[in-house]
Amino acid sequence: MDKFIFQIQRFDGEKKWLQRYELPYEPGKTVLWALTTIKDDLDPTLNFTSACRHAICGSCGIKVNGHSFLSCKTSLDELVETFKTKTLTFEPMGNFDVVRDLVIDWKPKMEKMKKVNPWLSPANHGSKSNGFIQSKEEADAIAKPTDCILCGACASECNQLDVNDGSYLDPFIFNKAYRFLVDSRDNAPDARLKPVVENGLWKCLHCNECVTQCPKGIPITDQIAYLRQRSMESGERNNQGARHAYAFHDDVRSKGRLNEMMLPVKTDGVVKTVTKKIPFAYRMIAKGKINPFHFPKKIDGIEGVRKIYSENEKERV
């Protein structure tokens, strides 16, 4: 008989282990069906969370074969086609504390979210009695970020969270900051921008895993790019990320290409470059990766590059 084989990571509060379950193959079933069937028919001690069954509440996220999915939305047939096997491993979401089996602890994440003040600070052009009037364009600006259901898939996939000391904000928190920053009814941009700059805005690795696995297709990396732009426009420029960005901006505008020898100095300053980057630079030189005597000349067509800069600046005015 054709069957599914599920290996589920169990956790009793102290130790972890993989437990094997088998179910007869049935077409058109979801991951949540498998979990519910196992709990109802095979093992009532299995712990997981779910609620709406319609990809609205976000509570049923887990990892399957190392990738994050919503259990209620994810077809077992699609997973079999993707991974070319009916043996599937279920684990709790990554970058979360685990409470029991597939159940994760959201409380630390919610405490961290408070840093970006995730609530509306009403602007002066509205009132409690009359509310706010928004144009379609203004409403559309917050429509996609508002689709976030806090399933945790983006955080589970985030490679920066894997290696960070805990200060880096989860992708869904950047989404929340963006959502209020672009809301025409809000009047507290500093309450969004300062916290994200102070908590790793420039540390995003651009791996795009948060976007790839988001069940709602929220473009979080685009939002992070926007937050960076707005932070610099607001005067938040004296940080490593902003200095690095301006080094690229100024070099390309000046010569049409990057001056790699001066990039560390422009980004980190002379003292830090000398004390921390010089040994690394020596190794790069020894391996032939960089030429310390190469200072780029202007490229042919540099005026065209500068014209692009000028036109872009006109559009932003």
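Each residue of the sequence shown is one higher than the one before, starting from 9 at the first, in the working numbering. All residues carry an ideal CB built from backbone N, CA and C; glycine is no exception. Computed from a predicted structure; not experimentally measured.
Using only the alpha-carbon positions, how far apart do residue i and residue j sit?
i: L40; j: S79; result: 5 Å
i: N207; j: S67; result: 26 Å
i: E244; j: T275; result: 14 Å
i: G174; j: K305; result: 42 Å
i: F104; j: V111; result: 10 Å
i: R18; j: M118; result: 25 Å
i: D170; j: G102; result: 8 Å
i: Y29; j: E99; result: 14 Å
i: D230; j: K47; result: 40 Å
i: V72; j: E319; result: 47 Å
i: M240; j: L31; result: 55 Å
i: I232; j: R324; result: 19 Å
i: P287; j: R251; result: 22 Å
Starting from the C-beta of residue i, find all residues in its chain whose C-beta is less than 7 Å away, skip the five residues before and the five after it, and write them out in chain order.
i: L213; result: N167 and Q168
i: N267; result: D259, F303 and P304
If I measure Cβ to Cβ from residue i and keep anything under 6 Å in the same chain, skipping five residues before and after, which residues do I get?
i: P126; result: K184
Near residue i, what residues of its chain come up, given a Cβ to Cβ distance below 8 Å and the 5 sequence neighbours on each side ignored?
i: V313; result: V260, R261, G264 and I307
i: R108; result: F19, D20, G21 and N55
i: D198; result: S242
i: K211; result: Q168, N172, Y176 and G249
Specify the secondary structure class of residue i as computed by DSSP and reduced to three states.
i: I13; result: strand
i: Q27; result: strand
i: S83; result: strand
i: T229; result: helix
i: R108; result: strand
i: P116; result: helix
i: E244; result: coil
Going by the beta-carbon positions, is the gap between residue i and residue j smaller than 8 Å?
i: A163; j: F140; result: no
i: A131; j: P223; result: no
i: E129; j: A42; result: Position check: residue 129 holds Ser in this sequence, whereas Glu was assumed. No, the Cβ-Cβ distance between S129 and A42 is not below 8 Å.
i: L96; j: F14; result: yes
i: K37; j: L84; result: yes
i: L235; j: L209; result: yes
i: L200; j: Q142; result: In the sequence under discussion, the amino acid at residue 200 is Arg, which differs from the Leu named in the question. Contact flag unset, no.
i: K122; j: K11; result: no
query: Using 8 Å as the threshold, is the segment 22 to 30 in touch with the segment 70 to 77, meaning 3 or more CB pairs across them?
result: no
message: Check whether the segment 81 to 94 and the segment 142 to 155 are in contact - that is, three or more C-beta pairs closer than 8 Å.
response: no
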